[in-house]
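Enquirer: Here the sequence shown is numbered in the UniProt record's numbering, starting from 1 and rising by one per residue.
Have a look at this one.
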Amino acid sequence: MSQVRILPGAQRTTKPTWGFSARKALRPPASLDGVESAAPRGNVGLALLRLRSRLPNDERMSLHRLRSLARRALPALLVVQAALLPLQSASAAEHGAPSCRSSDTCGSVIVAPVSQAAPDEGDCTSPEPVVCLIRSETPEEREVARDQRMRYHDLLEDMERTECAMRAEGRSEEDIARTLVQMRNEAKDVVRAGMTPEQVAELEARNQKKYGNPLGPTADQLYLKYGSWEKVSEAATRSSAAVDRELGLEFRHCPCDVLQAA
Numbered sequence: 001m002s003q004v005r006i007l008p009g010a011q012r013t014t015k016p017t018w019g020f021s022a023r024k025a026l027r028p029p030a031s032l033d034g035v036e037s038a039a040p041r042g043n044v045g046l047a048l049l050r051l052r053s054r055l056p057n058d059e060r061m062s063l064h065r066l067r068s069l070a071r072r073a074l075p076a077l078l079v080v081q082a083a084l085l086p087l088q089s090a091s092a093a094e095h096g097a098p099s100c101r102s103s104d105t106c107g108s109v110i111v112a113p114v115s116q117a118a119p120d121e122g123d124c125t126s127p128e129p130v131v132c133l134i135r136s137e138t139p140e141e142r143e144v145a146r147d148q149r150m151r152y153h154d155l156l157e158d159m160e161r162t163e164c165a166m167r168a169e170g171r172s173e174e175d176i177a178r179t180l181v182q183m184r185n186e187a188k189d190v191v192r193a194g195m196t197p198e199q200v201a202e203l204e205a206r207n208q209k210k211y212g213n214p215l216g217p218t219a220d221q222l223y224l225k226y227g228s229w230e231k232v233s234e235a236a237t238r239s240s241a242a243v244d245r246e247l248g249l250e251f252r253h254c255p256c257d258v259l260q261a262a
């Protein structure tokens with residue numbers, strides 16, 4: 001038969017006394033400054049309850065002993081909890097949240113250095129007039145051309161962001177396409193950056209003859225060409241891969257969640 005220990009100031013009794021409530025027994029000691037606010041009550045309380053249930057009968061009586069054990073157990077519990085939280089957050093992010101690309105993997109991405117070759121004065125083999133122009137430039141001029149091209153990519157990102165917002169509002173495909181074509185035509189200072197005045201005049205003359213508009217085709221003309229407003233929107237936000245590649249760039253379309261979070 002186990003003996004009953006007598007705490008200082010306590011009265012002898014033949015039965016275990018349960019004068020303190022379970023609520024008090026599970027409460028973190030007041031002397032542990034900051035522990036109660038730093039640790040979730042549920043986790044710590046459950047740990048103490050399990051700890052208490054494993055104590056011998058004579059030690060269950062001792063609130064002082066329980067608190068003494070808690071002082072030793074709580075720091076270890078907090079260390080384990082702190083170690084597990086990043087793993088739990090990473091697991092939740094991996095399994096519960098949709099994956100999205102970061103801003104440095106979409107939009108205007110540098111994939112290669114600018115060519116340092118001397119200006120090419122021979123016959124150009126590219127069907128793209130802009131590519132031929134880039135090849136005839138010096139390396140320093142190509143650096144400027146790349147900066148201008150990245151500004152154009154920024155315009156495309158703004159257009160795609162507008163498209164995402166309009167889709168979220170439930171706007172029609174026609175409204176979206178017309179807005180994107182208008183944005184592109186109005187940003188002629190960006191679209192034609194790097195072109196000489198002679199080249200701009202030649203382009204506007206060609207557009208005027210072909211479309212009746214020096215800025216380029218209208219939304220209606222593009223609809224007649226492509227047959228759907230969705231394809232008009234795609235054409236409006238398109239970037240010439242050949243020109244981008246010549247400048248060591250690549251334009252990658254961004255998903256709406258990335259654009260709206262930027």
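For glycine and all other residues, C-beta sits at the position ideal for the given N, C-alpha and C.
Quantities reported herein were computed from a predicted structural model and do not represent experimental measurements.
Assuming residue 237 and residue 160 form a contact by the criterion Cβ under 8 angstroms, report the distance between their Cβ atoms to the nearest whole angstrom.
Expert: Walking along the sequence shown from the start, residue 237 turns up at place 237. Walking along the sequence shown from the start, residue 160 turns up at place 160. Going by Cβ atoms, the distance from residue 237 to residue 160 rounds to 6 angstroms, so yes, they are a contact pair.
Enquirer: For residue 111, does the count of other Cβ atoms within 10 angstroms reach 16, so buried, or fall short, so exposed?
Expert: Start at 1 with the first residue of the sequence shown, and residue 111 comes out as number 111. So residue 111 ends up on the exposed side.
Enquirer: For residue 116, which residues from the same chain have a beta carbon less than 7 angstroms from its beta carbon, with the 5 sequence-adjacent residues on both sides left out?
Expert: As a working mapping, residue 116 is identified with position 116 in the sequence shown. 139, listed in sequence order.
Enquirer: For the pair the segment 123-140 and the segment 213-232, tell me if three or more CB-CB distances fall below 8 angstroms.
Expert: Flag = no, the segment 123-140 and the segment 213-232 do not touch.
Enquirer: Write down every uninterrupted run of the alpha helix (DSSP H) in the segment 143-216 whose length is 4 residues or greater and which is fully enclosed by it, in chain order.
Expert: Whole alpha helix (DSSP H) segments, 4+ residues: 173-186, 188-191, 197-211.
Enquirer: For residue 103, name the three-state secondary structure that DSSP assigns.
Expert: Within the sequence shown, the letter at position 103 stands for residue 103. Caution applies to residue 103, whose pLDDT of 45 falls short of 50 and renders its modelled position unreliable; the value that the coordinates give is listed next. Residue 103 falls in the helix class under three-state DSSP.
Enquirer: Take the Cβ of residue 108 as the centre, count every other Cβ of all protein chains shown within 10 Å, and call the residue buried at 16 or more, exposed below.
Expert: In the sequence shown, residue 108 corresponds to position 108, counting from 1. So residue 108 counts as buried.
Enquirer: Is it true that the CB of residue 131 sits closer than 8 angstroms to the CB of residue 243?
Expert: For the purposes of this step, residue 243 is taken as residue 243 along the sequence shown, with counting starting at 1. For the purposes of this step, residue 131 is taken as residue 131 along the sequence shown, with counting starting at 1. For residue 243 and residue 131, yes; Cβs fall inside 8 angstroms.
Enquirer: Just to confirm my understanding: we take residue 233, look at its own chain, exclude 5 residues before and 5 after, and list those with CB closer than 8 angstroms. What are they?
Expert: Within the sequence shown, numbered from 1, the residue matching residue 233 stands at position 233. Cβ within range, chain order: 163, 173, 176, 177, 180.
Enquirer: Starting from residue 249, trace the beta strand (DSSP E) in both directions and tell me its first and last residue.
Expert: Taking the sequence shown and counting its residues from 1, one reaches residue 249 at position 249. 249-252 is the span of the beta strand (DSSP E), which, as asked, contains residue 249.
Enquirer: State the Cα-Cα distance for the pair residue 121 and residue 198, rounded to the nearest angstrom.
Expert: Taking the first residue of the sequence shown as position 1, residue 121 is located at position 121. Taking the first residue of the sequence shown as position 1, residue 198 is located at position 198. Looking at the two C-alpha atoms, the distance is approximately 19 angstroms.
Enquirer: Please report the straight-line C-alpha distance between residue 78 and residue 262, rounded to a whole angstrom.
Expert: Sequence index remark: in the sequence shown, residue 78 carries index 78 (1-based). Sequence index remark: in the sequence shown, residue 262 carries index 262 (1-based). Low local confidence applies: a pLDDT of 40 at residue 78 is under 50, so the model's placement there is unreliable, and no value is given.
Enquirer: If you compare alpha carbons, which of 255, 188, 247 is closest to residue 113?
Expert: Working through the sequence shown from its first residue, we reach residue 113 at position 113. The candidate whose alpha carbon is nearest that of residue 113 is 247.
Enquirer: Relative to the C-alpha of residue 182, which candidate in 135, 205, 156 has its C-alpha closest?
Expert: Position 182 of the sequence shown, counted from the first residue, corresponds to residue 182. Considering only alpha carbons, the answer is 156.
Enquirer: Look up residue 108 in the DSSP assignment and say whether it is helix, strand or coil.
Expert: Sequence index remark: in the sequence shown, residue 108 carries index 108 (1-based). Correct three-state label for residue 108: strand.
Enquirer: Candidates 169, 143, 158: which alpha carbon is nearest residue 253's?
Expert: What you label residue 253 is simply residue 253 of the sequence shown in a count that begins at 1. Residue 158 is the option with its Cα nearest to residue 253.
Enquirer: For my contact list, residue 193 and residue 152 are in at a C-beta cut-off of 8 angstroms; report their separation, rounded to the angstrom.
Expert: Position 193 of the sequence shown, counting from 1, holds the residue named residue 193. Position 152 of the sequence shown, counting from 1, holds the residue named residue 152. With 8 angstroms as the limit, residue 193 and residue 152 qualify as a contact, their Cβ atoms being about 7 angstroms apart.
Enquirer: Just reading off the alpha helix (DSSP H) that residue 233 is part of, what are its end residues?
Expert: The sequence position of residue 233 within the sequence shown is 233, counting from 1. Element bounds for residue 233: 229-236.
Enquirer: Which residue marks the beginning of the alpha helix (DSSP H) containing residue 220, and which one marks its end?
Expert: In the sequence shown, counting from the first residue as 1, residue 220 sits at position 220. Its alpha helix (DSSP H) spans residues 219-226.
Enquirer: Can you name, in chain order, every residue of its own chain whose Cβ lies under 7 angstroms from the Cβ of residue 250, other than the five neighbours on each side?
Expert: Here residue 250 refers to the residue found at position 250 when the sequence shown is read from its first residue. So the list reads 109, 111, 244, once near-sequence residues are dropped.
Enquirer: Just the C-alpha distance for residue 165 and residue 187, rounded to the nearest angstrom, thanks.
Expert: Here residue 165 corresponds to residue number 165 of the sequence shown, with the count starting at 1. Here residue 187 corresponds to residue number 187 of the sequence shown, with the count starting at 1. Approximately 20 angstroms, taken between the alpha carbons.
Enquirer: For residue 145, I'd like the list of residues in its chain whose CB is within less than 7 angstroms of its CB, leaving aside the five on either flank, ordered along the chain.
Expert: As a position in the sequence shown, residue 145 is number 145, starting the count at 1. If we look at residue 145 and ignore the five residues flanking it on each side, its Cβ neighbours are 134, 137, 194, 247.
Enquirer: What's the gap between the Cα of residue 225 and the Cα of residue 212?
Expert: One-based indexing of the sequence shown puts residue 225 at position 225. One-based indexing of the sequence shown puts residue 212 at position 212. C-alpha separation (whole angstroms): 15 angstroms.
Enquirer: Helix, strand or coil for residue 123, going by three-state DSSP, please let me know.
Expert: For the purposes of this step, residue 123 is taken as the residue at position 123 of the sequence shown. Reduced to three states, the DSSP call for residue 123 is coil.
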